[in-house]
Amino acid sequence: MKKVWALTRADWLNLWRTSKIFFGMILLYEVVYILAGEEWMFLSILSVALGGMLSYSAIGYDERSGWNRFVLTTAYSRKDYVLGKYLVAVTGTLGGALLMAATGGVAAMTGRVPLDEGMAPLSGMMACGVLIALSIVLPLAFRFGMEKARLMNILVIAILCGGAGVMAGLGGDLIGNIPQVMTVLNLALPAVTAAVLAGSCFLSVRIYRRRQF
Numbered sequence: 000m001k002k003v004w005a006l007t008r009a010d011w012l013n014l015w016r017t018s019k020i021f022f023g024m025i026l027l028y029e030v031v032y033i034l035a036g037e038e039w040m041f042l043s044i045l046s047v048a049l050g051g052m053l054s055y056s057a058i059g060y061d062e063r064s065g066w067n068r069f070v071l072t073t074a075y076s077r078k079d080y081v082l083g084k085y086l087v088a089v090t091g092t093l094g095g096a097l098l099m100a101a102t103g104g105v106a107a108m109t110g111r112v113p114l115d116e117g118m119a120p121l122s123g124m125m126a127c128g129v130l131i132a133l134s135i136v137l138p139l140a141f142r143f144g145m146e147k148a149r150l151m152n153i154l155v156i157a158i159l160c161g162g163a164g165v166m167a168g169l170g171g172d173l174i175g176n177i178p179q180v181m182t183v184l185n186l187a188l189p190a191v192t193a194a195v196l197a198g199s200c201f202l203s204v205r206i207y208r209r210r211q212f
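Every letter in the sequence shown is one number past the one before it in numbering that gives the first Met the number 0, and letter 201, counting from 1, is 200.
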């Protein structure tokens, strides 16, 4: 596991050097949400999706630079490489969810959104949705490469954007009027997400072990 963490740290350092504009966009979305209020809630939600999709950037950069082939000539295995990218996806998504929860709390405390309509309660649900979507795309990326998997990536982004709008519009009603629905989702979604993510990871490892460069 130390090798996986080492690869993940290297990925995040590289992403910080090469994707500062991307990180800036995520922070900008959160600031706009805090200042503009509930009509711009979807920006806060999209930050979670963008955080998770940084794993796409990590894979794409490796393929363009040839790092994905070079690293396999060192002490790292194909399994280590795949697990490292999944860890980037998980940490990016959870980081975005924590940021979403924090800015939702700030927006509620400053009166920009009603206290019962902040995005903090929805951050966990959104993180699960993003991780499930990533579980679909990542095996395709490891099988065909990130460029060929880009079409599916675009479709997933469209689904996330649509889901973000629906969640932003209905989130307050669900929280305020049907609390039992939120309770069930908060209990069931993490377990479902973990199972889907584990299955996706297992599939990606098998795919990448057979891939010819």
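In this text, a Cβ means the ideal position worked out from N, Cα and C, and glycines have one as well.
For residue i, I'd like the list of residues in its chain whose CB is within less than 8 Å of its CB, leaving aside the five on either flank, ordered along the chain.
i    : result
L202 : P138
V31  : W39 and L42
When the Cα atoms are used, what is the spatial distance from residue i to residue j?
i    : j    : result
R77  : V204 : 7 Å
L71  : M145 : 18 Å
T102 : L130 : 21 Å
R15  : A190 : The sequence as given places Trp at residue 15; Arg does not occur at that position. The alpha-carbon atoms of W15 and A190 are separated by roughly 31 Å.
V136 : S199 : 9 Å
Between the beta-carbon of residue i and the beta-carbon of residue j, is there less than 7 Å?
i    : j    : result
Y207 : F141 : yes
G104 : G50  : no
S122 : M108 : no
S134 : L196 : yes
K2   : Y75  : yes
E29  : S18  : no
A126 : A106 : no
Which same chain residues end up closer than 6 Å to residue i when comparing Cβ atoms and leaving out the 5 residues on each side of it in sequence?
i    : result
V87  : T7, D10, S54 and A57
R210 : none
If we count Cβ pairs, one from each stretch, closer than 8 Å, do we get three or more for the stretch 57-69 versus the stretch 33-48?
no
Specify whether the stretch 78-85 and the stretch 21-39 touch according to this definition: at least 3 beta carbon pairs, one from each stretch, less than 8 Å apart. no
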